[in-house]
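Structure first, commentary second.
Protein chains: 2
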Amino acid sequence: MLVKDCILSAPGKAILHGEHAVVHGKVALAVSVNLRTYLRIKATTDGKVCINLPNINTFLCWDVTELKSLVPDPCGNKEEGKLLNAELVKCLREFAGITNGNLDTSNMATLAFLYIYISMFGSSELPSLMVTVWSELPTGAGLGSSAAFSVCLAAALLCASGAISPPLRESEHTARWCQEDLELINSWAFQGEMIIHGNPSGVDNAVGTWGGMLRFLSGKIIPLSRVPLLRILLTNTKVPRSTKVLVAGVKDKINKFPTIMTPVLDSVDAISNTCEKVLSEMTHEPITGEHYKILEELIDINQHHLNVMGVGHPALDTLCRVTLARGLHSKLTGAGGGGCGITLLRPEDEDKEMTELCGLSGASGLAAVKYES
Amino acid sequence: MLVKDCILSAPGKAILHGEHAVVHGKVALAVSVNLRTYLRIKATTDGKVCINLPNINTFLCWDVTELKSLVPDPCGNKEEGKLLNAELVKCLREFAGITNGNLDTSNMATLAFLYIYISMFGSSELPSLMVTVWSELPTGAGLGSSAAFSVCLAAALLCASGAISPPLRESEHTARWCQEDLELINSWAFQGEMIIHGNPSGVDNAVGTWGGMLRFLSGKIIPLSRVPLLRILLTNTKVPRSTKVLVAGVKDKINKFPTIMTPVLDSVDAISNTCEKVLSEMTHEPITGEHYKILEELIDINQHHLNVMGVGHPALDTLCRVTLARGLHSKLTGAGGGGCGITLLRPEDEDKEMTELCGLSGASGLAAVKYES
Chain Y
1 MLVKDCILSA
11 PGKAILHGEH
21 AVVHGKVALA
31 VSVNLRTYLR
41 IKATTDGKVC
51 INLPNINTFL
61 CWDVTELKSL
71 VPDPCGNKEE
81 GKLLNAELVK
91 CLREFAGITN
101 GNLDTSNMAT
111 LAFLYIYISM
121 FGSSELPSLM
131 VTVWSELPTG
141 AGLGSSAAFS
151 VCLAAALLCA
161 SGAISPPLRE
171 SEHTARWCQE
181 DLELINSWAF
191 QGEMIIHGNP
201 SGVDNAVGTW
211 GGMLRFLSGK
221 IIPLSRVPLL
231 RILLTNTKVP
241 RSTKVLVAGV
251 KDKINKFPTI
261 MTPVLDSVDA
271 ISNTCEKVLS
281 EMTHEPITGE
291 HYKILEELID
301 INQHHLNVMG
311 VGHPALDTLC
321 RVTLARGLHS
331 KLTGAGGGGC
341 GITLLRPEDE
351 DKEMTELCGL
361 SGASGLAAVK
371 YES
Chain V
1 MLVKDCILSA
11 PGKAILHGEH
21 AVVHGKVALA
31 VSVNLRTYLR
41 IKATTDGKVC
51 INLPNINTFL
61 CWDVTELKSL
71 VPDPCGNKEE
81 GKLLNAELVK
91 CLREFAGITN
101 GNLDTSNMAT
111 LAFLYIYISM
121 FGSSELPSLM
131 VTVWSELPTG
141 AGLGSSAAFS
151 VCLAAALLCA
161 SGAISPPLRE
171 SEHTARWCQE
181 DLELINSWAF
191 QGEMIIHGNP
201 SGVDNAVGTW
211 GGMLRFLSGK
221 IIPLSRVPLL
231 RILLTNTKVP
241 RSTKVLVAGV
251 KDKINKFPTI
261 MTPVLDSVDA
271 ISNTCEKVLS
281 EMTHEPITGE
291 HYKILEELID
301 INQHHLNVMG
311 VGHPALDTLC
321 RVTLARGLHS
331 KLTGAGGGGC
341 GITLLRPEDE
351 DKEMTELCGL
361 SGASGLAAVK
371 YES
């Protein structure tokens, strides 16, 4: 089997509203951002599988014959692309010498790659290839870098295996996939996320796959049909944090003060719903300053609520204060406790010097471009 | 009638929790603070009524005979001590040359004095006396300075008129009144508040009269029987603001975002109830760090909620940030938008230099001390 060379890309994501509340059955809105991860897949003839991740200083090669021995029994569940084959994960960990508690980015990316590669090609011939992935997304910042990686990986390897049609016809320069193919890509990307994160929500890989904006509620992910393009300034506080610890802290606070915290979650739910409604209006009627004013008010209220949940950080407070001094409104995005903040820009801010720093929310999803070798 | 000389004092108040939410039918907790207003009443023989308010540079005298002409028809409603005699207020405004829109502190205090004096003595002989009032409370800072003034005034003039018994027996140095007398004092003080504020809640004069802590819900004021003495740092941002404008702003926000704001009010309600429960526990069981930790968490959450309502101010944010850097938790108290903030101190903070700045919440209510002329 000769893999077709191509370059794929998938966007990162930001949570607009509903982070943390989503864990407690409330709506969250996720948007793609125009910071992307790129993957180049190239057929080789040296009988090796190589993965090159320059952002995280990782370059690894294996002999195809060596990997063949790891292929699990064909009665596995890989066809489903939904449940993880725990036995294979364990086996790959041992093979790559990654202990269970080691969550190092490079190790996790390697494990996800090997898992998808072997699961996908195991029943046939293992192809010789070189995969290079680079990204505009910082890792560990809550911007969905691992999901964008998994989406690209899943799409590239599904294409290479022939499970989905190659996206590019001769006449086109860039192309995307049909809904059915995207569903399959997304389900494989979710497996990559499961390997990297343990218990992901599935929002990040869905945004990476479909782009645009998604509504997430009780495990159900609904892409929003029409949303306006928002200009968003992304700020990485670079304060490290543990999502797990933050989520547990919110849960503890809800248990400690149920009558106080439950209404706060309800209010966040209403913020997400109101935001969705306003964004929908912005696609149906002329966009006015009042639309932006409401979006800004929602950002401010939610940021206070997130502070009430205990997931704020002085660096995020500083972001809010500094941007507010310029008339801009910010909130944390994702787990909080550091990580990234988003600042909504108005169209009239276009000429300000911050333009270069900003990300566009509602960027397109997974895309492929022709690779001229 | 010869007025008995004495010195009275009444405490100021701070809202612990529930400001603004109380306007929308939620519970508020008000506490007295040990910053007091003092009133000295002294019988004179010069046929004059004088009021001396050194804090606000006011010293005014009137001939008793001149005031006699202002006494309204005895079929008025003064006995009730509940409803304001609008006709008398109008007449006194004209007499003192105070236009309707003029809300100057000195004018309002003068009007309240003349109203209570004339209403109380009108049916009998107008006594010749000198009333001096001075205060540790700043005016216009939301600490109930006008209520403390009205409470002292009502008590002094009710005593002077013989409507209530003089509080001091020979053997006592300080004394207070029975519940029935306090009710009467409070109802007259409320009239003073109505003149000064237009549409007061009645909380401030109740705290000034009874001291301690009060629960306020839908116009009903319930003194809490036992509460611990809390050490509170009061900070006056000296940022001027209009309570009326702030209250209207909150109402507008609730109307604009009902599904988002209604839960926030519910959460504030739960904060007041939780706070009351914890304070009650602190009087029944040994006080622990955990009690204080909860009180601090409630302060932080409520401050965020008040910011959500739009009644915060950068000066209050600074207060919160600066005190938090010392491990202390602060919130605005009262109308917000500037005004005062409260910071909860722990017993172990006693030796810090801030001791001199702090107010004690739960101070005693109206009190009288013997006046040695």
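Note that the protein sequences, when read in sequence, are chains Y and V.
Numbering-wise (UniProt numbering), the first sequence opens with residue 1 and increments by one.
Numbering-wise (UniProt numbering), the second sequence opens with residue 1 and increments by one.
The C-beta atom is built at its ideal place from N, Cα and C for all residues, glycine as well.
As the structure is a prediction and not an experimental result, all values here were calculated from the model.
Exposed or buried, what is I287/V when buried is set at 16 or more other beta-carbons lying within 10 Å of its beta-carbon?
In the second sequence, the residue the question calls residue 287/V occupies position 287. Classification of I287/V: exposed, given that the 10 Å Cβ count is below 16.
Tell me H313/Y's beta-bridge partners as DSSP assigns them.
Counted from its first residue, the first sequence places residue 313/Y at position 313. Answer by DSSP bridge pairing: none, since H313/Y is not bridged.
Considering just the uninterrupted stretch of the alpha helix (DSSP H) at N205/Y, what are its terminal residues?
As a first step, residue 205/Y must be located in the first sequence, where it is residue number 205. Looking at the DSSP string, the run of the alpha helix (DSSP H) that includes N205/Y is V203 to W210.
Please name the residue or residues paired with F216/Y in a DSSP beta bridge.
If you number the first sequence from 1, residue 216/Y lands on position 216. Answer is A28/Y and I221/Y.
Between the alpha carbons of W177/Y and A155/Y, how many angstroms are there, rounded?
Numbered from its first residue, the first sequence carries residue 177/Y at position 177. Numbered from its first residue, the first sequence carries residue 155/Y at position 155. One C-alpha to the other measures close to 9 Å.
Using the C-alpha atoms, what's the distance from K251/V back to K26/V?
The residue you call residue 26/V lines up with position 26 of the second sequence. The residue you call residue 251/V lines up with position 251 of the second sequence. One C-alpha to the other measures close to 14 Å.
What distance in whole Å lies between the Cβ atoms of F121/V and S161/V, which are believed to be in contact at a cut-off of 8 Å?
Translated into positions along the second sequence, residue 161/V becomes position 161. Translated into positions along the second sequence, residue 121/V becomes position 121. With a Cβ gap of about 6 Å, S161/V and F121/V count as contacting.
Quick one: residues in its chain with C-beta nearer than 7 Å to the C-beta of N77/Y, no 5 flanking neighbours on either side, listed in chain order?
Taking the first residue of the first sequence as 1, we reach residue 77/Y at position 77. Note on N77/Y: pLDDT 49, under 50, position unreliable in the model; no value is reported.
Of the choices L29/Y, N302/Y and S150/Y, whose alpha-carbon is the least far from that of T105/Y?
For the purposes of this step, residue 105/Y is taken as the residue at position 105 of the first sequence. Checked all of L29/Y, N302/Y and S150/Y; the closest Cα to T105/Y is S150/Y.
Tell me which residues of the stretch 254 to 287 of chain Y have at least one Cβ-Cβ distance to chain V shorter than 9 Å, keeping chain order.
Listed by position, the residues of the stretch 254 to 287 of chain Y near chain V (Cβ gap below 9 Å) are K256, F257, P258, T259, I260, M261, T262, P263, V264, L265, D266, S267, V268, D269, A270, I271, N273 and T274.
Following the continuous beta strand (DSSP E) through H284/V, name the residue where it begins and the one where it ends.
Mapped onto the second sequence, residue 284/V falls at position 284. Not the beta strand (DSSP E): H284/V falls in the alpha helix (DSSP H), residues P258 to H284.
So what does DSSP say about S135/V, is it helix, strand or coil?
Here the question's residue 135/V lines up with position 135 in the second sequence. S135/V: strand per DSSP, three-state reduction.
Quick check on N77/V: does DSSP put it in helix, strand or coil?
Position 77 of the second sequence, counting from 1, holds the residue named residue 77/V. Caution is warranted here: a pLDDT of 49 is assigned to N77/V, below 50, making its placement in the model unreliable, and the coordinate value is therefore given only provisionally. The answer is coil: DSSP assigns N77/V none of H, G, I, E or B.
Answer with buried or exposed for S124/Y, where buried requires no fewer than 16 other C-beta atoms within 10 angstroms of its C-beta.
Mapped onto the first sequence, residue 124/Y falls at position 124. S124/Y should be labelled exposed.
Run through the stretch 2 to 75 of chain Y for me and flag every whole beta strand (DSSP E) of 3 or more residues, listed as ranges in chain order.
Entirely contained in the stretch 2 to 75 of chain Y, the beta strand (DSSP E) runs reaching 3 residues are, in chain order, 6 to 17, 28 to 43, 48 to 53 and 58 to 63.
Do you know how far the Cα of L265/Y is from the Cα of T259/Y?
Indexing the first sequence from 1 puts residue 259/Y at position 259. Indexing the first sequence from 1 puts residue 265/Y at position 265. Going from the Cα of T259/Y to the Cα of L265/Y covers about 11 Å.
Measure the alpha-carbon distance for E19/Y versus E193/V and round it to whole angstroms.
Locating residue 19/Y in the first sequence gives position 19, where the first residue counts as 1. Locating residue 193/V in the second sequence gives position 193, where the first residue counts as 1. If you take the alpha carbons of E19/Y and E193/V, they lie about 46 Å apart.
Let me see if you follow: with CB-CB separation under 8 Å, is V308/V close to chain Y or not?
Within the second sequence, the letter at position 308 stands for residue 308/V. For V308/V, the answer is yes, since a Cβ of chain Y falls inside 8 Å of its Cβ.
Since I15/Y meets chain A, which of its residues come closer than 8 Å, beta carbon to beta carbon?
Among the chains of the structure shown, chain A does not appear; the protein chains present are Y and V.
Applying the criterion that 16 or more other CB atoms from any shown protein chain within 10 Å of the CB defines a buried residue, is A325/Y buried or exposed?
For the purposes of this step, residue 325/Y is taken as residue 325 along the first sequence, with counting starting at 1. Per the 10 Å Cβ criterion, exposed.
Would you kindly report the start and end of the unbroken beta strand (DSSP E) that includes residue 399/V?
Any question about residue 399/V goes unanswered here, given that chain V covers just 1 to 373.
What are the boundary residues of the beta strand (DSSP E) that includes L332/Y?
As a working note, residue 332/Y is residue 332 in the first sequence. L332/Y -> beta strand (DSSP E) spans H329 to T333.
Is it true that the stretch 21 to 39 of chain V meets the stretch 213 to 225 of chain V, where meeting means three or more beta-carbon pairs spaced less than 8 Å apart?
With the cut-off at 8 Å, the stretch 21 to 39 of chain V and the stretch 213 to 225 of chain V touch.
Does any residue of chain Y bring its CB to less than 8 Å from the CB of H304/V?
To locate residue 304/V, count along the second sequence from 1; it is residue 304. Chain Y, which has a Cβ nearer than 8 Å to the Cβ of H304/V, makes this yes.
State the beta-bridge partners of C340/V as determined by DSSP.
Within the second sequence, the letter at position 340 stands for residue 340/V. Partner(s): N236/V and T333/V.
Please confirm if I232/Y has its CB atom under 8 Å from at least one CB of chain V.
Residue mapping note: residue 232/Y aligns to position 232 of the first sequence, counting from 1. No, no contact with chain V.
Which residues in chain Y have a C-beta closer than 9 Å to the C-beta of I299/V? List them in chain order.
Here residue 299/V refers to the residue found at position 299 when the second sequence is read from its first residue. Here the premise fails: no neighbours, minimum Cβ distance about 12 Å.
Evaluate contact between the stretch 196 to 211 of chain Y and the stretch 281 to 295 of chain Y, counting only Cβ atoms and requiring at least three cross-stretch pairs below 8 Å.
Verdict: no, contact absent.
Please classify G367/V: does DSSP put it in a helix, a strand, or coil?
For this step, residue 367/V is matched to residue 367 along the second sequence. One point to set straight first is that residue 367/V is Ala, not Gly, in the sequence displayed. Strand at A367/V.
Can you name the residues that DSSP bridges to L345/Y?
Your numbering for residue 345/Y matches position 345 in the first sequence. According to DSSP, L345/Y bridges with R231/Y.
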